[in-house]
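Taking it in order: structure first as structure tokens, then the write-up.
Number of protein chains: 2
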Amino acid sequence: MALQIWDDFPTIQTKLTALTPYLIEAARIKQPAVNERVQSLLRHGGKLIRAGLFYLFSEFGPDQNEERLQAGAAAIELLHLATLIHDDVIDQAPERRGTQTVHTRVGNRNAIYAGDLLFTLYFDQVLKSAETFNDIAVNTHAMHGILDGELDQYDLNYHLKETVDQYLKEIEGKTAKLFALACAQGAKLAHADMIIVESAEQIGRSIGLAFQILDDVLDYTGEQQDIRKPILQDIQQGIYTLPLLFALEAQPEKLRPYLKRGIQLTETDLQTIQALVTKSDGVAQARTMANELTDQALLDIKMLPETPARQALETLTRRLLQREQ
Amino acid sequence: MALQIWDDFPTIQTKLTALTPYLIEAARIKQPAVNERVQSLLRHGGKLIRAGLFYLFSEFGPDQNEERLQAGAAAIELLHLATLIHDDVIDQAPERRGTQTVHTRVGNRNAIYAGDLLFTLYFDQVLKSAETFNDIAVNTHAMHGILDGELDQYDLNYHLKETVDQYLKEIEGKTAKLFALACAQGAKLAHADMIIVESAEQIGRSIGLAFQILDDVLDYTGEQQDIRKPILQDIQQGIYTLPLLFALEAQPEKLRPYLKRGIQLTETDLQTIQALVTKSDGVAQARTMANELTDQALLDIKMLPETPARQALETLTRRLLQREQ
Chain A
19 MALQIWDDFP
29 TIQTKLTALT
39 PYLIEAARIK
49 QPAVNERVQS
59 LLRHGGKLIR
69 AGLFYLFSEF
79 GPDQNEERLQ
89 AGAAAIELLH
99 LATLIHDDVI
109 DQAPERRGTQ
119 TVHTRVGNRN
129 AIYAGDLLFT
139 LYFDQVLKSA
149 ETFNDIAVNT
159 HAMHGILDGE
169 LDQYDLNYHL
179 KETVDQYLKE
189 IEGKTAKLFA
199 LACAQGAKLA
209 HADMIIVESA
219 EQIGRSIGLA
229 FQILDDVLDY
239 TGEQQDIRKP
249 ILQDIQQGIY
259 TLPLLFALEA
269 QPEKLRPYLK
279 RGIQLTETDL
289 QTIQALVTKS
299 DGVAQARTMA
309 NELTDQALLD
319 IKMLPETPAR
329 QALETLTRRL
339 LQREQ
Chain B
19 MALQIWDDFP
29 TIQTKLTALT
39 PYLIEAARIK
49 QPAVNERVQS
59 LLRHGGKLIR
69 AGLFYLFSEF
79 GPDQNEERLQ
89 AGAAAIELLH
99 LATLIHDDVI
109 DQAPERRGTQ
119 TVHTRVGNRN
129 AIYAGDLLFT
139 LYFDQVLKSA
149 ETFNDIAVNT
159 HAMHGILDGE
169 LDQYDLNYHL
179 KETVDQYLKE
189 IEGKTAKLFA
199 LACAQGAKLA
209 HADMIIVESA
219 EQIGRSIGLA
229 FQILDDVLDY
239 TGEQQDIRKP
249 ILQDIQQGIY
259 TLPLLFALEA
269 QPEKLRPYLK
279 RGIQLTETDL
289 QTIQALVTKS
299 DGVAQARTMA
309 NELTDQALLD
319 IKMLPETPAR
329 QALETLTRRL
339 LQREQ
């Protein structure tokens, strides 16, 4: 796995390195063809950002029960993996992390069931990590929020009036909830003070929101090979992200005629849209919002007890959200 | 809902009638369009066989905690509903229970996420009904088995050598596991003796297997309007059920040439296959196997303590599996 981002955080990197074989075992599926794809997805990557954040926050608690924490970290990554497999079926994405997606090799049917099965494996790890029913309920609650975010997108599609607030609400569910869960569970399972657990949830949320916004910005600014998801398809389907929404506020008359083409949108139209969004300051405004969220996270991090973990968390947040100083 | 099958079991019918509004509330989804379809599926039907079996077995225990049992019964039906929604996406079925399927109205994307969300709502009810971590683990274990059964089908597709044993293993996961879970959880959550819980699981398994076999028989014998799932598509995809497997054993040379056409199979080919299966005794042999499983269930039921619940269970089993005396 691509764990270089953790090079400067040796305690976390050690834990993530140990997590990898555990995760591969926890995600094992009986059927060889399906298993081969899921294992390949695990092996090909992932910086394990969510598990890393989980471990960073676990360092704020006194109880370092290795087994329980490992199950907690694995749970987060399995939930993430389950949602990715279903997302890829939905987007009919051919590749993820540079390897063929599950459905491409074993069909939509088995990819849907494989995602379902991973939700089960996720719950197995939740059960291993939890000490109380409430620990489990926090997980179903987060999973509910994640799926709510995905379903909210449906109401928004093709709404040219989609506002920035609605976008934020949607990425809150789609991305931020899982980051918040990772951070809060790390603190909670290590028995950190309740006030730290709550703060961890807030910090995870801010980092998740900024992370998603920057990811959406990349769709407009990245080199072709950096673009991980075909945005043409998204825009055709009426899914508009923050840079486009800001550009739409600034230059509605220029952008609307293109967006209204919906499913008829061509690759050339898309290039025009990309150029308009970049020129109209949509990208810059989205970046500003990501920076504000990053600042908020850094502010909340500063309020945590002064420990090496806090320093590490601050450095990682800056790097992850491209605010290197 | 179509609760007439419970007319002669008034205590169960009363509980199922009370379960209906609870279930509708437990399955509520925030997004109106998605919610409308899920609620319609719930309102249009289902005999609530699994919840009914759950309640029948709960009568073998001393602890009739209404709230806990209701959550347990709802959990079973929500798990069933979640799998149905994903099944319908996979089969691209236009209707279920005489109403439009979820994906037909809100698209595959939202139907997949809606199924995922129902798995979450299922777990919420599991948490409400469970008293110990083990009660929860029994559920994840059953869910694992169900999905394993679905994925096992993949390995079997297009295998002309699929054996009866493999078919049984597959419907064990696909159908019998949920029946077994329903029966065992009913007994368990009412604090019945462990030996009754284990027996409940066995009985549920036998009933589930017989139920699925009879369902598969109907594909070959039912009037057109009774056929709930297009079997042409199944056979094209290499999914062979018991009547066809028995017929294939008896007359391989006649059936193989048709089956080998796979995706090229026409409606006319299918009629020929249906005629061959019916004539070749495949249907009769499948019915015999269902009857043997029913007898096994009835035998195990006879070993339960002699109570009105036992009598009701026996009568219901005979009716459900068309063994009216």
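Heads up: the protein sequence lines correspond to chains A and B, in order.
For what it's worth, the working numbering labels the leading residue of the first sequence as 19, then goes sequentially.
For what it's worth, the working numbering labels the leading residue of the second sequence as 19, then goes sequentially.
Idealized CB from N, CA, C, for every residue including glycine.
Here the structure is a predicted model, which is why all the values come from computation and not from measurement.
How many Å lie between residue 338 (chain B) and residue 139 (chain B) at the Cα?
Translated into the one-based positions of the second sequence, residue 338 (chain B) becomes position 320. Translated into the one-based positions of the second sequence, residue 139 (chain B) becomes position 121. C-alpha separation (whole angstroms): 28 Å.
Is the beta carbon of residue 45 (chain A) less than 9 Å from the beta carbon of residue 31 (chain A)?
Your numbering for residue 45 (chain A) matches position 27 in the first sequence. Your numbering for residue 31 (chain A) matches position 13 in the first sequence. Going by C-beta atoms, residue 45 (chain A) is not nearer than 9 Å to residue 31 (chain A).
Have a look at B:20, B:68 and B:262 and flag the residue whose alpha-carbon is nearest the alpha-carbon of residue 290 (chain B).
For the purposes of this step, residue 290 (chain B) is taken as the residue at position 272 of the second sequence. Closest option to residue 290 (chain B), judged by alpha-carbon separation, among B:20, B:68 and B:262: B:262.
Going along chain A, which residues have a C-beta under 7 Å from residue 165 (chain B)?
As a first step, residue 165 (chain B) must be located in the second sequence, where it is residue number 147. Against chain A, the beta carbon of residue 165 (chain B) has neighbours under 7 Å at 131, 134, 135 and 138, listed in chain order.
How long is the line joining the alpha carbons of residue 133 (chain A) and residue 89 (chain B), rounded to whole angstroms?
Here residue 133 (chain A) is taken as the residue at index 115 of the first sequence, counted from 1. Here residue 89 (chain B) is taken as the residue at index 71 of the second sequence, counted from 1. Residue 133 (chain A) and residue 89 (chain B): Cα-Cα distance of roughly 25 Å.
Rounded straight-line distance, which links the Cα of residue 193 (chain A) to that of residue 312 (chain B)
Working through the second sequence from its first residue, we reach residue 312 (chain B) at position 294. Working through the first sequence from its first residue, we reach residue 193 (chain A) at position 175. Going by the C-alpha atoms only, they are around 49 Å apart.
Which residues in chain A sit within 8 Å of residue 158 (chain B), going by Cβ to Cβ distance?
As a working mapping, residue 158 (chain B) is identified with position 140 in the second sequence. Here the neighbours are 138, 141, 142 and 145.
As assigned by DSSP and simplified to three states, the class of residue 38 (chain B):
Counted from its first residue, the second sequence places residue 38 (chain B) at position 20. The answer is helix: DSSP assigns residue 38 (chain B) an H, G or I state.
Looking at the strands, I want to know which residues DSSP matches up with residue 114 (chain B).
Here residue 114 (chain B) corresponds to residue number 96 of the second sequence, with the count starting at 1. Note: residue 114 (chain B) sits in a beta bridge opposite B:117.
Name the chain B residues whose beta carbon is nearer than 7 Å to that of residue 161 (chain A)?
Counting from one through the first sequence, the residue named residue 161 (chain A) turns up at place 143. Within chain B, the residues near residue 161 (chain A) are 138.
Note down the Cα distance separating residue 231 (chain A) from residue 99 (chain B), rounded to an integer number of angstroms.
Taking the first residue of the first sequence as 1, we reach residue 231 (chain A) at position 213. Taking the first residue of the second sequence as 1, we reach residue 99 (chain B) at position 81. About 35 Å.
As a quick exercise: from B:113, B:77, B:51 and B:70, pick the residue whose alpha carbon is nearest that of residue 62 (chain B).
Here the question's residue 62 (chain B) lines up with position 44 in the second sequence. Out of B:113, B:77, B:51 and B:70, B:113 has the C-alpha closest to the C-alpha of residue 62 (chain B).
Return the Cβ separation of residue 143 (chain A) and residue 93 (chain A) in integer angstroms, given the expectation that the two are a contact with Cβ distance under 8 Å.
Working through the first sequence from its first residue, we reach residue 143 (chain A) at position 125. Working through the first sequence from its first residue, we reach residue 93 (chain A) at position 75. Indeed they touch by this definition, with Cβ atoms about 4 Å apart.
Short Cβ contact (9 Å threshold) for residue 196 (chain B) with residue 97 (chain B)
Within the second sequence, the letter at position 178 stands for residue 196 (chain B). Within the second sequence, the letter at position 79 stands for residue 97 (chain B). Taking 9 Å as the Cβ cut-off, residue 196 (chain B) and residue 97 (chain B) qualify as a contacting pair.
Neighbourhood of residue 314 (chain A) by C-beta distance below 8 Å, restricted to the same chain and skipping five residues each side
Within the first sequence, numbered from 1, the residue matching residue 314 (chain A) stands at position 296. Excluding five sequence positions before and after residue 314 (chain A), the CB atoms of its chain that fall closer than 8 Å to its own CB belong to 224, given in chain order.
Touch test, the region 298-307 of chain B against the region 47-57 of chain B, Cβ-Cβ under 8 Å, three pairs minimum
no
Please work out which residues of its chain come closer than 6 Å, Cβ to Cβ, to residue 298 (chain A), disregarding the five sequence neighbours upstream and downstream, and give them in chain order.
Residue 298 (chain A) sits at position 280 when you count from the first residue of the first sequence. Within the same chain, Cβ atoms closer than 6 Å to the Cβ of residue 298 (chain A) are found at 265, 268 and 269, the five residues on either side in sequence being excluded.
Under 9 Å, Cβ to Cβ, is there at least one residue of chain B near residue 49 (chain A)?
What you label residue 49 (chain A) is simply residue 31 of the first sequence in a count that begins at 1. Yes, contact with chain B.
Output the boundary residues of the alpha helix (DSSP H) element that contains residue 297 (chain B).
As a first step, residue 297 (chain B) must be located in the second sequence, where it is residue number 279. Run containing residue 297 (chain B): 285-297, per the alpha helix (DSSP H) assignment.
Run through DSSP, which three-state label would residue 80 (chain B) get?
Reading the second sequence from its first residue, position 62 is the one you call residue 80 (chain B). Here residue 80 (chain B) sits in coil by DSSP.
Starting from the beta carbon of residue 258 (chain A), find every residue of chain B whose beta carbon is closer than 7 Å, and list them in chain order.
Locating residue 258 (chain A) in the first sequence gives position 240, where the first residue counts as 1. Simply none; closest approach about 16 Å.
Quick check on DSSP: helix, strand or coil for residue 28 (chain A)?
Looking up residue 28 (chain A) in the first sequence gives position 10. Reduced to three states, the DSSP call for residue 28 (chain A) is helix.
Chain B contacts made by the region 70-87 of chain A, where a contact means CB separation under 9 Å
none
Rounded straight-line distance, which links the Cα of residue 107 (chain B) to that of residue 246 (chain A)
One-based indexing of the first sequence puts residue 246 (chain A) at position 228. One-based indexing of the second sequence puts residue 107 (chain B) at position 89. Per-residue confidence for residue 246 (chain A) stands at a pLDDT of 42, beneath the threshold of 50, marking its modelled position as unreliable; no derived number is given.
Within a Cβ cutoff of 7 Å, which residues of the same chain sit near residue 327 (chain A), ignoring the five residues on either side of it in sequence?
Here the question's residue 327 (chain A) lines up with position 309 in the first sequence. So the qualifying residues of the chain are 74, 77 and 78.
Residue 188 (chain A) and residue 170 (chain A) closer than 9 Å at C-beta:
Along the first sequence, one-based indexing puts residue 188 (chain A) at 170. Along the first sequence, one-based indexing puts residue 170 (chain A) at 152. For residue 188 (chain A) and residue 170 (chain A), yes; Cβs fall inside 9 Å.
Please state if the CB of residue 258 (chain A) and the CB of residue 104 (chain B) are separated by a distance shorter than 9 Å.
Position 86 of the second sequence holds residue 104 (chain B). Position 240 of the first sequence holds residue 258 (chain A). Taking 9 Å as the Cβ cut-off, residue 104 (chain B) and residue 258 (chain A) do not qualify as a contacting pair.
Using a Cβ-Cβ distance under 9 Å, would residue 96 (chain B) count as near chain A?
As a working note, residue 96 (chain B) is residue 78 in the second sequence. With 9 Å as the cut-off, residue 96 (chain B) does not count as an interface residue toward chain A.
Mind checking residue 317 (chain A): buried by the 16 CB within 10 Å criterion, or exposed?
Sequence index remark: in the first sequence, residue 317 (chain A) carries index 299 (1-based). By the 10 Å Cβ count, residue 317 (chain A) comes out exposed.
How far does the alpha helix (DSSP H) with residue 253 (chain B) in it extend, from its first residue to its last?
The residue labelled residue 253 (chain B) in the question sits at position 235 within the second sequence. Residue 253 (chain B) -> alpha helix (DSSP H) spans 249-254.
Contact with chain A by residue 42 (chain B), beta-carbon distance below 9 Å
The count along the second sequence starts at 1 and reaches residue 42 (chain B) at position 24. Chain A contact via Cβ: absent.
Are the beta-carbon atoms belonging to residue 199 (chain B) and residue 227 (chain B) less than 9 Å from one another?
As a working note, residue 199 (chain B) is residue 181 in the second sequence. As a working note, residue 227 (chain B) is residue 209 in the second sequence. Residue 227 (chain B) is positioned such that its CB atom lies no closer than 9 Å to that of residue 199 (chain B).
Best match in B:145, B:102 and B:146 for proximity to residue 127 (chain A) [C-alpha to C-alpha]:
Start at 1 with the first residue of the first sequence, and residue 127 (chain A) comes out as number 109. Measuring from the Cα of residue 127 (chain A), the nearest candidate turns out to be B:102.
Could you give the DSSP three-state label for residue 65 (chain B): helix, strand or coil?
Translated into positions along the second sequence, residue 65 (chain B) becomes position 47. Correct three-state label for residue 65 (chain B): coil.
Of all the CB atoms in chain A, is at least one closer than 9 Å to the CB of residue 121 (chain B)?
Within the second sequence, residue 121 (chain B) is the residue found at index 103, counting from 1. False, the Cβ-Cβ gap to chain A never drops below 9 Å.
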